[in-house]
Amino acid sequence: MDPTRQTWTAAAIVVTLAGLTPLTGSLVPVVGATTVSGWLLAVQIAAVRSFRSTAATATVQVDPDATRMEAGTAVSITATVERPDTAAETAVTVTVPTPPVAEPIPETERRIELAPSETQASTTFDVRVPVAGRFRLSKPIWLVMDPTGSVTESYSRGSTPELHVVEAAARELHVGRGGRETWLFGERAERPSGTGIVPERLRPYEQTDPANRIDWKTTARLGEPYLRETNTQSGRVLRVLVDHRAKMRLGPADEPMFEYARDVALGVAATAQQSGDPLGLITVGNDGLTNTVDPTYRSTGYAELRRRIRALEPTPTEQPGPGVELDHPESARRLRFDLEASDHEFGRVLHEFATASAAYVSAAGTQPLVRAVQYHHTATPSARSTVIVTDDTDRDETWKAVRTALQSGASVFVFLTPRVLFESEQGPHTEQVSERYLQFERYRRRLDRLDSVRALEVAPARRLAEVRSTAEDELGEPSRARPEPTNGSMPATAPASNGGSND
Amino acid sequence: MTEPTLQPLFEQVSPARKWRVDGSSFVRLGGLCWIGAAGWIIGSELSLAIGIGLVVLGLVTRPVGTVAVGHAALVAIVPDLFTPSSLVSLGLFEGGLLMLLVSERPTRPVVALLAGSGAVALAATAGVVVVEFGLFAGSAFVVVLLAAVSALLYRYERLSVEQILERDREADSDPQPNVDRATTASEHRRETTGPQETTQS
């Protein structure tokens, strides 16, 4: 507890009046001193009581909208302070600290203020961390003041969520065919031209804008010059299917197989946005589809797709318990279903939480990837390309999924992570590993030979090179060659480029 | 990381904002009327002038300042406290000044009661010390007593809040590994939001 200037002023008055007593030879000043002292002590006793009550009952919840993010991208953090009516006497400010490495954010944006009698307040701010790593937010700093402004108290308390900041792309990501890296940066035969006709947004006119782009109707309505920005929508509709079943958890804990798959999916999203290709998303969990997003060509739509891809984690293998586990798709689905018709505000808020989580939106049988492709055909008959990101565990299922995708006449791009390279990470390069890799390579080539199919391997570059050097004789080709450009119609994945496409 | 400032808190409690009409305004107005009436009842020109002066001062300054000035001014009309008329004069003014003092926003009955009873107890004790040891000792006694009780209160508050925070930290560090994961949704909130539920459980 710290005295404020007001308390010091009252204390000075007490001392002054007490000092006047022997000087004047009258008892009246000391009576004044005792009166002010009595009031000062009463205020402090009341403050102690209210501070204890605030400390015991007020809570702060700090929730990032994603705990995993790419370096340099923003994550929204919402902090909410709540307290019961019985503890609402004090004035409170709660400041949420940010990691020291994060870009500076004004304190006013990170601060929550609760005036006396207010019981709930929140703030939302964006944190951008430019370097990779795991960062735990420090405990929020509380400043509490008694209602007369005489004394204050400060302490740190509250949740400390961890942010996992990953690099824009896996360091050693290799995407290629038969060990050859593929140049995948924006290879396209056709590029959109012109400014487009699809309305994107309105914005105020700036001096550097051409005058013929002024939207006169909006200008007349708003009283100042406005532009209507448009977007170029190409006719090339893509849909990316991302497999995030439990099997994708294989590999080192910090960079499991799914990280490589995620980078590819993000690369596809970034390249589609650059090219103006409408992009949809289907994600596949153990027991069904967890995300089905219709193709979008808007910048906010691409950002939402990337957010969903970043939020993906390999689905848990065990069934959820009877309680609520938002990190389990089945549990999130149940919650969403239960709250769908809720009339209460609390229910609606919970429903939004459940909707934002990866939940099963459609059940699938024994082959969810095939089910995802079938769904894709039904939902997006206009799609010209299907991108499948998975591993080679269940080759029959993948084969069937590709054949199903081909039935619509669309081209198919399959990105496969060889399981053998992740199972034996840093292990001995035995004959068995080489043999299993050869089996993978034969399978990939079989897929690649299908009409309108491009099958590519996705793997850690160094590990792939090691295994391929062992299997060089059987492969009958050099382990590493110059990167080859892909076919012009490739939906280019650009892992390194997705770092530059912030939300 | 910059330390949070107190300014936003002061803006919320804002004790310096004078021209507001609420419950405290009526208490303050009542106190000022009492002081004015006391000046008039005592009957001398000086007491009337002091009464009017304090009313004007009370309208433009904070109550604690008016109370301090009031006691200094009362020396002129109440030279000693050993005659009944002096005691009546002081009592008349003192009631209004105390009422004015407790009108510091926000006026709370508990604080007013504590302030009144504390002032009476302190005055009685100080009176005994003055009678026994003289004026200087009585004055010093009031200052030392205020400092000592304040220091104890500060220490007690710090310890009790620390105790609450410590329970909070213990709850955070105890992951309760044997609890069924399905039942931990509400408990996760408990872990992350502090000891509200912990103290209740």
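Residue numbers (our numbering), protein chains in the order written: chain A, 198 to 700; chain B, 874 to 1074.
No residue lacks a Cβ here, since even glycine has one placed at the ideal position from N, Cα and C.
Just so you know, these numbers come straight off a predicted model, no measurement behind them.
Residue ranges of uninterrupted alpha helix (DSSP H) with 4 or more members, entirely inside the stretch 563-593 of chain A and ordered along the chain, are 565-576. If you draw a 10 Å sphere on the C-beta of residue 964 of chain B, you find fewer than 16 other C-beta atoms in it, and that means exposed. Collapsing the DSSP output to three states places residue 541 of chain A in coil. Here residue 280 of chain A carries a coil assignment [DSSP, helix/strand/coil].
If you draw a straight line from the Cα of residue 1005 of chain B to the Cα of residue 290 of chain A, it comes to about 49 angstroms. Shown here for residue 444 of chain A: same chain residues with a beta carbon closer than 6 angstroms to its own, the five before and five after excluded, namely 590 in chain order.
Taking 7 angstroms as the cut-off, the Cβ atoms of residue 362 of chain A and residue 268 of chain A count as close. In this structure, residue 299 of chain A keeps its C-beta atom at 7 angstroms or more from the C-beta atom of residue 1037 of chain B.
The closest CA to that of residue 265 of chain A, considering only A/315, A/333, A/322, A/256, is found on A/333.
Partner residues in the beta bridge of residue 271 of chain A, as assigned by DSSP, are A/325. Scanning B/1013, B/1039, B/1018, B/910 for the CA closest to the CA of residue 991 of chain B turns up B/1018.
Among the CB atoms of chain B, one or more fall inside 7 angstroms of the CB of residue 248 of chain A.
Under the DSSP assignment, residue 261 of chain A falls outside any alpha helix (DSSP H), being part of the beta strand (DSSP E) whose first and last residues are 256-261. Between residue 317 of chain A and chain B, the shortest Cβ-Cβ separation is not below 7 angstroms. Residue burial annotation: residue 546 of chain A is exposed, with fewer than 16 other C-beta atoms found within 10 angstroms of its C-beta.
Going by DSSP, residue 455 of chain A is part of the alpha helix (DSSP H) stretching over 454-472. For residue 361 of chain A, DSSP records a beta bridge to A/265, A/331. Rounded to the nearest whole angstrom, the CA to CA distance from residue 662 of chain A to residue 656 of chain A is 10 angstroms.
Around residue 421 of chain A, the same chain offers 401 as residues with beta carbons nearer than 7 angstroms, after the five sequence neighbours per side are excluded.
Taking the Cβ atoms as the reference, residue 280 of chain A lies roughly 17 angstroms from residue 293 of chain A, outside the contact range of under 8 angstroms. One thing to note: residue 974 of chain B has its Cβ no nearer than 7 angstroms to the Cβ of residue 205 of chain A. Contact annotation: in the stretch 1021-1043 of chain B, residues whose CB is within less than 7 angstroms of a CB in chain A are 1022, 1023, 1026, 1027, 1029, 1030, 1031, 1033, 1034, 1037, 1038, 1041.
Interface annotation, residue 223 of chain A: in contact with chain B, CB-CB separation under 7 angstroms. At a cut-off of 7 angstroms, the C-beta of residue 1016 of chain B has a neighbouring C-beta in chain A. Among the residues facing chain B, residue 205 of chain A is not included, as its CB has no counterpart in that chain under 7 angstroms away. Of all alpha-carbon atoms in A/224, A/425, A/507, A/403, the one lying nearest the alpha-carbon of residue 1007 of chain B is that of A/224. Within the stretch 948-994 of chain B, complete alpha helix (DSSP H) segments of at least 4 residues are found at 957-974, given in chain order.
DSSP lists A/438, A/489 as the beta-bridge partner residues of residue 479 of chain A. In this chain, the alpha helix (DSSP H) harbouring residue 930 of chain B covers 918-933.
Residues of the stretch 947-958 of chain B with a Cβ closer than 8 angstroms to any Cβ of chain A, in chain order: 947, 948, 951, 952, 953, 954. Around the beta-carbon of residue 413 of chain A, fewer than 16 other beta-carbon atoms lie within 10 Å, marking it exposed.
Residue 629 of chain A sits in a helix when the DSSP states are folded into three classes.
Taking each of A/537, A/250, A/364 in turn and checking the Cα distance to residue 342 of chain A, the smallest one comes out for A/250.
In the DSSP assignment, residue 895 of chain B is bridged to no other residue. Three or more beta-carbon pairs drawn from the stretch 909-929 of chain B and the stretch 942-952 of chain B are found closer than 8 angstroms, and the two stretches are therefore classed as touching. The C-beta of residue 548 of chain A has 16 or more other C-beta atoms within 10 Å across all chains shown, which makes the residue buried.
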